[in-house]
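To start, the structure under review is shown below, and the notes come after it.
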Amino acid sequence: MRTILRILASTMTPILLLTAACSGSDGDPTGDGVQETVGNISITTHFTPDPPIAGENTLHIHVEDLDGNPLTGAAVSVDPQMPMMGHGSNVDAVVTEDGNGDYTAAPVAFTMIGEWEVTVDVAAGDASGELVLKVTIE
């Protein structure tokens with residue numbers, strides 16, 4: 056039995072270390088956030104808490120036109136989906152405008168650990184764009 060445990064420990068340790076080193080994902084909106092030009096607007100996002108957790112989070116969104124002017128009065132929606140499981144969140148995120156091109160979406164609820172995609176849609180007059188954030192919840 057001890058031999059089996061040693062074999063498992065020696066086999067699993069490198070796998071666990073590799074998994075930890077490779078966690079995270081492209082477009083993970085942490086730190087200073089993700090800034091993308093999509094369509095004819097610029098969208099910057101970041102989560103609190105950072106990194107996002109299983110449970111309720113807040114997504115902060117800043118929207119500008121291509122000249123760097125804040126977009127106010129925009130229609131902004133946030134849709135978290137877990138493609139691998141074929142479902143989204145069971146809680147709708149409510150987006151509020153904070154002024155000067157800033158918007159807050161809460162709660163952005165991740166109901167389980169794994170890979171999520173959060174689609175941020177923005178439309179303001181002739182300006183529109185869609186940003187898909189890839190988020191790993193651990």
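Quick note: the sequence shown, position 134, residue 189 per the numbering used here, numbers continuous. Note that CB positions come from ideal geometry on N, CA and C, so glycine has one too. Just so it is clear, the structure is predicted and the values come from calculations on it, not from any experiment.
Report task. Have a look at 105, 94 and 164 and flag the residue whose alpha-carbon is nearest the alpha-carbon of residue 88. Result -> 105
Query raised in the report: residue 83 by DSSP, collapsed to three states: which one?
Result: Any answer about residue 83 is weak, because its pLDDT of 41 lies below 50 and its placement is not dependable; what the coordinates show is given next. Residue state, collapsed to three classes: coil.
**Report entry** First and last residue of the uninterrupted beta strand (DSSP E) at residue 152
**Finding:** 149 to 154
Query raised in the report: Quick one, are the C-beta atoms of residue 129 and residue 118 less than 7 Å apart?
Result: yes
Query raised in the report: What residue does the beta strand (DSSP E) around residue 166 start on, and which one ends it?
Result: Unbroken run through residue 166: none, as it is neither H nor E.
Query raised in the report: If residue 177 sits next to residue 108, beta carbons under 8 Å apart, how far is it from one beta carbon to the other, in whole angstroms?
Result: The pair is not a contact, with the Cβ atoms about 25 Å apart (cut-off 8 Å).
Report task. Name the two residues that bound the continuous beta strand (DSSP E) containing residue 145. Result -> From DSSP, residue 145 is part of no beta strand (DSSP E); its letter is neither H nor E.
Query raised in the report: Helix, strand or coil: which one does DSSP assign to residue 185?
Result: strand
Query raised in the report: Quick one: Cα of residue 101 to Cα of residue 180, how far?
Result: 24 Å
Query raised in the report: Can you tell which of 103, 187 and 185 has the C-alpha that lies nearest to the C-alpha of residue 115?
Result: 103
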